[in-house]
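Chemist:
Number of protein chains: 2
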Amino acid sequence: MYSGSMSTSDRLIESTRELLWERGYVGTSPKAILEHAGAGQGSMYHHFRGKPDLALAAIRRTAEEMRAAAEGVLGSPGSPYERIEAYLRRERDVLRGCPVGRLTMDPDVIASDELRAPVDETLAWLRGRLAALVEEGKEQGQFAPALDSGEIASAILATVQGGYVLARASGSPAAFDTAVRGLLALLAPLG
Amino acid sequence: MYSGSMSTSDRLIESTRELLWERGYVGTSPKAILEHAGAGQGSMYHHFRGKPDLALAAIRRTAEEMRAAAEGVLGSPGSPYERIEAYLRRERDVLRGCPVGRLTMDPDVIASDELRAPVDETLAWLRGRLAALVEEGKEQGQFAPALDSGEIASAILATVQGGYVLARASGSPAAFDTAVRGLLALLAPLG
DNA sequence: GTCTATATTGGGATAGAC
DNA sequence: GTCTATCCCAATATAGAC
């Protein structure tokens, strides 16, 4: 399943990431992970204390990757609005959902402060990053000065997360794009 | 767990609704449902063909109830903006998530056209209802005529669904309210 | 209609050989 | 470090008594 240059531990983490994205924490069994990774029971319990420990490693890696991907778009050249638009319109595997956001619907993830932490931190970071951009846009006269940057950032992030929900409900990525276009229309720069 | 005036079948459905909301489809076992409903295996397999059949009955009931609740707010007197605002600000069990929307993150629900249908229909209905209100608001000069009603409706619905995600990630209902305030600021009536 | 077996498979983990 | 054997309990369903 993976290139031979990957350690067993890495293969386990990568397999867990895939399955968590596909089926969530509750729907992912150690057995499924082992089959996907082509490893035996012993390997997993040698490298990790158990399912929660392995899931934590997987979630952390997914969170880091997502931050990097978002920063790649939000940190690009362009006006604040353009960068927010680029983030909203960026290529996504819409029907698979957000690999970080979907974890919030997992009861066992939410019940564990350790597992929830990287999810919370990632979304909080994204919100802060967006808020800074909105603030910058306000200073440049691109957005109305009366807007609260934090609130707008939250609305942007919520639209993305909710866009996944609408897309998966309808079975079509178009639902995501429609919501994004609606938000962008409301957000459109002054003048 | 339930008043004695409820039939076994109803108790099973109500128990399933609670557990689906709390733990999702994958995380809800027939055994847990039976214990919650105070019924035996036989009862469940007498009234329903199995877990998917019972879940379908539960999801349909939840979907209907949600439509009724939304219509109660969206159909109230007031201007289009006021009614949309009332919908967005309405009392919600934010940290429990949306009992309909959360099902989109359930792999087994999405894999089944039958289980997904009531979810899709409910969100589509809500979107249509919101779009009609936006259209009305445009006619009354409350919203900019250039806005696409369907897109705005999608953005509103996505903000709500995403608001649940942000709230559950942070462990606080405030995150939901912040996103809603941001959207309302962007949506604020002309003049 | 409801109950109690019973069956089969899987979830999650430990033990100990190699 | 990795493997197989084993354990115990849960998931989902069927059979048949009452």
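If you read the sequences in order, they're chains A and B.
Be aware that the first sequence starts at 1330, since it is given in our numbering, and climbs by one per residue.
Be aware that the second sequence starts at 1330, since it is given in our numbering, and climbs by one per residue.
Idealized CB from N, CA, C, for every residue including glycine.
All values derive from a computational prediction rather than experimental measurement.
1) What is the residue span of the alpha helix (DSSP H) that A:Leu1459 lies within?
2) If you reduce the DSSP assignment to three classes, tell me which class A:Phe1472 lands in.
3) Could you check the C-alpha separation between A:Asp1442 and A:Gly1520 for me, to the nearest Å?
4) Starting from the C-beta of A:Arg1390, find all residues in its chain whose C-beta is less than 7 Å away, skip the five residues before and the five after it, and write them out in chain order.
5) So the candidates are B:Glu1411, B:Tyr1493, B:Arg1412, B:Leu1444; which of them puts its Cα closest to the Cα of B:Ala1387?
6) Kindly list the residues whose CB is nearer than 8 Å to the CB of A:His1365, restricted to its own chain and excluding five residues on each side of it in sequence; keep chain order.
7) Roughly how many whole angstroms lie between the Cα atoms of B:Glu1414 and B:Leu1455?
8) Could one say the Cβ of B:Ala1484 lies closer than 7 Å to chain A's Cβ atoms, at least one of them?
9) Measure the C-alpha to C-alpha separation of B:Arg1354 and A:Pro1406 and round it to an integer number of angstroms.
10) I want to verify the contact list: residues of chain A whose CB lies under 7 Å from the CB of B:Thr1488, in sequence order.
11) For the pair the stretch 1416–1432 of chain B and the stretch 1485–1505 of chain B, tell me if three or more CB-CB distances fall below 8 Å.
12) Which residue marks the beginning of the alpha helix (DSSP H) containing B:Asp1396, and which one marks its end?
13) Find the nearest neighbour of A:Ala1392 within the set A:Leu1452, A:Phe1505, A:Leu1512, judged by alpha-carbon distance.
14) Cα separation between B:Val1509 and A:Tyr1374?
15) What residues in the stretch 1339–1358 of chain A bring their beta carbon closer than 7 Å to a beta carbon of chain B?
16) Apply the 10 Å Cβ neighbour rule to B:Ala1521 and answer buried if 16 or more other Cβ atoms are within range, or exposed otherwise.
17) Cβ of A:Tyr1410 within 7 Å of Cβ of A:Gln1471?
18) For B:Phe1505, which residues of its own chain have a beta-carbon under 7 Å away from its beta-carbon, when the five flanking residues on both sides are left out?
Modeler: So, from the data block:
1) Counted from its first residue, the first sequence places residue 1459 of chain A at position 130. Per DSSP, A:Leu1459 belongs to the alpha helix (DSSP H) from 1442–1468.
2) Taking the first residue of the first sequence as 1, we reach residue 1472 of chain A at position 143. Of the three classes helix, strand and coil, the one that applies to A:Phe1472 here is coil, per DSSP.
3) The residue you call residue 1442 of chain A lines up with position 113 of the first sequence. The residue you call residue 1520 of chain A lines up with position 191 of the first sequence. Their Cα atoms are separated by approximately 46 Å.
4) Residue mapping note: residue 1390 of chain A aligns to position 61 of the first sequence, counting from 1. Closer than 7 Å at the Cβ level, and outside the excluded window around A:Arg1390, lie Ile1342, Arg1346.
5) In the second sequence, residue 1387 of chain B corresponds to position 58, counting from 1. Checking every option, the nearest Cα to that of B:Ala1387 belongs to B:Leu1444.
6) What you label residue 1365 of chain A is simply residue 36 of the first sequence in a count that begins at 1. Answer for A:His1365: Met1330, Ser1344, Glu1347, Leu1348, listed in chain order.
7) Sequence index remark: in the second sequence, residue 1414 of chain B carries index 85 (1-based). Sequence index remark: in the second sequence, residue 1455 of chain B carries index 126 (1-based). The alpha-carbon atoms of B:Glu1414 and B:Leu1455 are separated by roughly 14 Å.
8) Working through the second sequence from its first residue, we reach residue 1484 of chain B at position 155. It does: the Cβ of B:Ala1484 has a partner Cβ on chain A nearer than 7 Å.
9) In the second sequence, the residue the question calls residue 1354 of chain B occupies position 25. In the first sequence, the residue the question calls residue 1406 of chain A occupies position 77. First, the amino acid is wrong: residue 1354 of chain B is Tyr here, not Arg. Going from the Cα of B:Tyr1354 to the Cα of A:Pro1406 covers about 44 Å.
10) In the second sequence, the residue the question calls residue 1488 of chain B occupies position 159. What B:Thr1488 touches in chain A: Ala1484, Ala1487, Thr1488, Gly1491.
11) yes
12) Mapped onto the second sequence, residue 1396 of chain B falls at position 67. Just to set this straight, residue 1396 of chain B is Arg in the shown sequence, not Asp. Its alpha helix (DSSP H) spans residues 1380–1403.
13) Taking the first residue of the first sequence as 1, we reach residue 1392 of chain A at position 63. Looking at the Cα atoms, A:Leu1452 is the closest of the given residues.
14) Reading the second sequence from its first residue, position 180 is the one you call residue 1509 of chain B. Reading the first sequence from its first residue, position 45 is the one you call residue 1374 of chain A. Whole-angstrom Cα-Cα distance: 44 Å.
15) Glu1351, Arg1352, Gly1353, Val1355, Gly1356
16) Since the first and last residues shown for chain B are 1330 and 1520, residue 1521 of chain B lies out of range.
17) Position 81 of the first sequence, counting from 1, holds the residue named residue 1410 of chain A. Position 142 of the first sequence, counting from 1, holds the residue named residue 1471 of chain A. Going by C-beta atoms, A:Tyr1410 is nearer than 7 Å to A:Gln1471.
18) Start at 1 with the first residue of the second sequence, and residue 1505 of chain B comes out as number 176. Closer than 7 Å at the Cβ level, and outside the excluded window around B:Phe1505, lie Val1423, Gly1492, Tyr1493, Leu1495, Ala1496.
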